[in-house]
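Written below as structure tokens is the structure these notes are about.
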Amino acid sequence: MIPAQLVHCSDEDHILYIARVSSNQENTDPGLISWLIKQGHWSPFEMVGACIEVNTTRDIGRQILRHRSFSFQEFSQRYATVSAHQSAPHREMRLKGSKSNRQGSGGERDQMLEVTMAEAVIRAFQNYDRLIHAGVAPECARSILPEGYTPTRMYMNGTLRSWIHYLAERLRLNPKDNRPWAQLEHYRIAAAIYALLKLQFPVTFEAIEHIAYIDKPRRQMGDQAGEAS
């Protein structure tokens, strides 16, 4: 499952052109982008944007949908069915993390519980298939599927300003243990999106990295996406 793919995006040069609406719009000095970010002048970054296809599971999809400045189009299980072979990759059963992060998990895993979970997931998809073959409507049969193992695909469209602030939030690290505040599966998606947008908006992301506005993705935690370097 590829976590994120670019659908379309604006030209980075448009930021410079629009930012100089009151002055010389032929001046394309990229240093302006860094200055805008340092000064907190975000409105020019609302004039450009990107649409990204995100492939994840329903539980992480619910977290992504909370970023309400974006527009979304998501795969509907009311109209289409999900086959067992389409289920999400193996999920880690991480144990509770530090006391300072009550909603998160640590790095330690219980592999025996992962086997137990995998068996439960197989049974859930088998029962789902039985319901579908028995003529149950997909919108009803889907309720038996486990959120964390049921795949979903969504298109996420937003301004570059929204993307920057989304990444700042979902790539943020806890200074006490240097682990993500976000759920690790969501962190990996954000790391993949970071890498995609950095290719499309290199000047902007160079400025962001220079002032450390966003915690740069770490390879060992964003291993499905690779390091955005």
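If you count the sequence shown from 1, position 25 lands on 25 in full-length UniProt numbering, and the numbers rise without skipping.
Ideal Cβ positions, reconstructed from N, Cα and C, are used throughout, including at glycine.
Nearest candidate by alpha-carbon position, reference residue i, set the options
i           : options                   : result
Q63         : G158, Q200, G148 and T204 : G148
V82         : S143, H165 and L167       : S143
E169        : M156, H186, E139 and Y155 : H186
P146        : S23, F125 and C51         : F125
residue 230 : R78, P180, A141 and F70   : Because the chain here runs from 1 to 229, residue 230 falls outside it and cannot be looked at.
I2          : G40, I132 and M154        : M154
R218        : I211, I189 and G135       : I189
F75         : H210, V54 and A141        : V54
A4          : Q200, F201 and I193       : I193
L65         : M156, A195 and I18        : M156
Y166        : S10, H67 and C9           : H67
R94         : I211, T204, Q183 and V21  : Q183
D59         : A19, V21, K216 and T152   : T152
P30         : S23, S22 and E12          : E12
Contact belief for residue i with residue j at Cβ below 8 Å, rounded distance in angstroms
i    : j    : result
T57  : T150 : 6 Å
F72  : T159 : The Cβ separation is near 14 Å, so there is no contact.
T47  : H90  : It should be noted that the sequence gives Met, not Thr, for residue 47. That pair is no contact at about 42 Å.
A207 : S34  : 4 Å
I214 : L171 : 6 Å
Q200 : L6   : 7 Å
Three-state secondary structure (DSSP) of residue i
i    : result
Q39  : helix
S71  : strand
Y149 : helix
M117 : helix
E227 : Reliability of the predicted coordinates at E227 is poor, the pLDDT of 41 falling under 50, and no value is obtained from them.
L184 : helix
G158 : strand
P3   : coil
N178 : coil
H133 : helix
H85  : Low local confidence applies: a pLDDT of 49 at H85 is under 50, so the model's placement there is unreliable, and no value is given.
R109 : strand
H8   : strand
L173 : strand
R78  : coil
P44  : helix
K198 : helix
K34  : A small correction: the amino acid at residue 34 is Ser; Lys does not occupy that position in the sequence shown. DSSP places S34 in helix when its eight states are reduced to three.
Y213 : coil
First and last residue of the uninterrupted alpha helix (DSSP H) at residue i
i    : result
I208 : P202 to H210
H14  : D13 to A19
A141 : P138 to A141
Counted within 10 angstroms of its Cβ, other Cβ atoms place residue i as buried (16 or more) or exposed
i    : result
Y128 : buried
R179 : buried
Q111 : exposed
G40  : exposed
W163 : buried
A137 : exposed
L197 : buried
H85  : Reliability fails at H85, whose pLDDT of 49 lies under 50, so the model's placement of it is uncertain and the value that follows must be treated cautiously. Flag for H85 reads exposed.
A120 : exposed
T116 : exposed
G61  : buried
C140 : exposed
A80  : exposed
I211 : exposed
L113 : exposed
Boundaries (first-last residue) of the beta strand (DSSP E) holding residue i
i   : result
I52 : G49 to T57
R94 : R94 to K96
CB contact check: residue i to chain B, cutoff 9 Å
i    : result
R161 : Included in the structure is just one protein chain, with no chain B present.
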